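Colleague: Quick note: the sequence shown uses the numbering used here, first residue 34, plus one each step.
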Amino acid sequence: MEAERTCKTVLLGDSSVGKSSVAVRLARDVFTEASKPTIGASFFSYAVAGDAAAGRDAVKYEIWDTAGQERYRALAPMYYRGAQVVLLVYDVCERESFGAVKSWMQDVRTANPGKCVLVLLGNKCDIEQRGERGVSRAEGEVFAEENAIEVFQEVSAKTGANVREVLLHVASLLPAVQDDGDDAPRKPRVIDQAAAPAAGCGSSC
Numbered sequence: 034m035e036a037e038r039t040c041k042t043v044l045l046g047d048s049s050v051g052k053s054s055v056a057v058r059l060a061r062d063v064f065t066e067a068s069k070p071t072i073g074a075s076f077f078s079y080a081v082a083g084d085a086a087a088g089r090d091a092v093k094y095e096i097w098d099t100a101g102q103e104r105y106r107a108l109a110p111m112y113y114r115g116a117q118v119v120l121l122v123y124d125v126c127e128r129e130s131f132g133a134v135k136s137w138m139q140d141v142r143t144a145n146p147g148k149c150v151l152v153l154l155g156n157k158c159d160i161e162q163r164g165e166r167g168v169s170r171a172e173g174e175v176f177a178e179e180n181a182i183e184v185f186q187e188v189s190a191k192t193g194a195n196v197r198e199v200l201l202h203v204a205s206l207l208p209a210v211q212d213d214g215d216d217a218p219r220k221p222r223v224i225d226q227a228a229a230p231a232a233g234c235g236s237s238c
């Protein structure tokens, strides 16, 4: 049996952006409409099989889904300190949640200065079918590039579009990021839509 790496992973972002739904989609591949706000944090796990051809080790993601409400924010550092992967989540319908990403990112980099993979996720990309988008994909890409965020992708926890594909991609990226001593800004890696089709989302997701 191949050796499995354990990877501490944390979901951060404002309340109601869909962090819990992303975590449940990863762990159980389901979506529940009536989800309750997270109190403190919840724990999930998701395993990715190794693939030598893709340069990917087997990884077990230990996922902490943190509460986004302001009253719980002081607890967040307990979970993201020492994390190897941080998923910064915003709602593509809510500009305020997108604006808050920078604050979450700065908190992580202050408390967790070691090498970790930052992933920017624009959740609810399926909403575009109803014409309710508030943040363009291009804005997400620019933000990721300007802030040296390694991976950017729009996802839909509701349809499952791109959610698991993101952590498959991150699994192949982990060795390169953790072994690279160069802190120079790098262009964010956006998952190829042809390689990871977005079921339930349009071509812009």
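Note that beta-carbon positions come from the ideal geometry of N, C-alpha and C, so glycine has one too. Predicted model, so just to flag it, every value in this text is computed and none were measured.
Measuring alpha carbon to alpha carbon, tell me which of Gly46, Thr42, Gly167, Gln139 ends up nearest Asn180.
Modeller: Here the question's residue 180 lines up with position 147 in the sequence shown. That would be Gln139, whose Cα lies nearest to the Cα of Asn180.
Colleague: So, at 8 Å on beta carbons, what are the nonlocal neighbours of Leu298 in its own chain, with the 5 sequence-adjacent residues on each side left out?
Modeller: The chain is shown from 34 up to 238; residue 298 falls before or after that span and cannot be answered.
Colleague: Are the CB atoms of Cys149 and Gln186 within a distance shorter than 8 Å?
Modeller: Within the sequence shown, the letter at position 153 stands for residue 186. Within the sequence shown, the letter at position 116 stands for residue 149. No, these two residues do not count as a Cβ contact at 8 Å.
Colleague: Note the first and the last residue of the continuous alpha helix (DSSP H) segment covering Arg166.
Modeller: Residue numbering aside, residue 166 sits at position 133 when the sequence shown is read from its first letter. From DSSP, Arg166 is part of no alpha helix (DSSP H); its letter is neither H nor E.
Colleague: So Cys158 and Ser130 are in contact, right, with Cβ under 8 Å, and what is the actual spacing, rounded?
Modeller: For the purposes of this step, residue 158 is taken as residue 125 along the sequence shown, with counting starting at 1. For the purposes of this step, residue 130 is taken as residue 97 along the sequence shown, with counting starting at 1. Their Cβ separation, rounded to whole angstroms, is 14 Å, which puts Cys158 and Ser130 out of contact at 8 Å.
Colleague: Residue ranges of each beta strand (DSSP E) run of no fewer than 3 residues wholly in the segment 99-151, ordered along the chain?
Modeller: As far as the segment 99-151 is concerned, its whole beta strand (DSSP E) runs of at least 3 residues are 118-124.
Colleague: Which word fits Ala85, buried or exposed, when buried means at least 16 other C-beta atoms lie within 10 angstroms of its C-beta?
Modeller: Start at 1 with the first residue of the sequence shown, and residue 85 comes out as number 52. Result: exposed.
Colleague: CA-CA distance, Leu120 and Leu154?
Modeller: Within the sequence shown, residue 120 is the residue found at index 87, counting from 1. Within the sequence shown, residue 154 is the residue found at index 121, counting from 1. Between Leu120 and Leu154, the C-alpha separation is close to 7 Å.
Colleague: Specify the secondary structure class of Lys157 as computed by DSSP and reduced to three states.
Modeller: Taking the sequence shown and counting its residues from 1, the one referred to as residue 157 is at position 124. DSSP places Lys157 in coil when its eight states are reduced to three.
Colleague: For Thr192, count neighbouring C-beta atoms within 10 Å of its own C-beta (all shown protein chains included) and say buried if the count is 16 or more, exposed if not.
Modeller: Translated into the one-based positions of the sequence shown, residue 192 becomes position 159. Result: buried.
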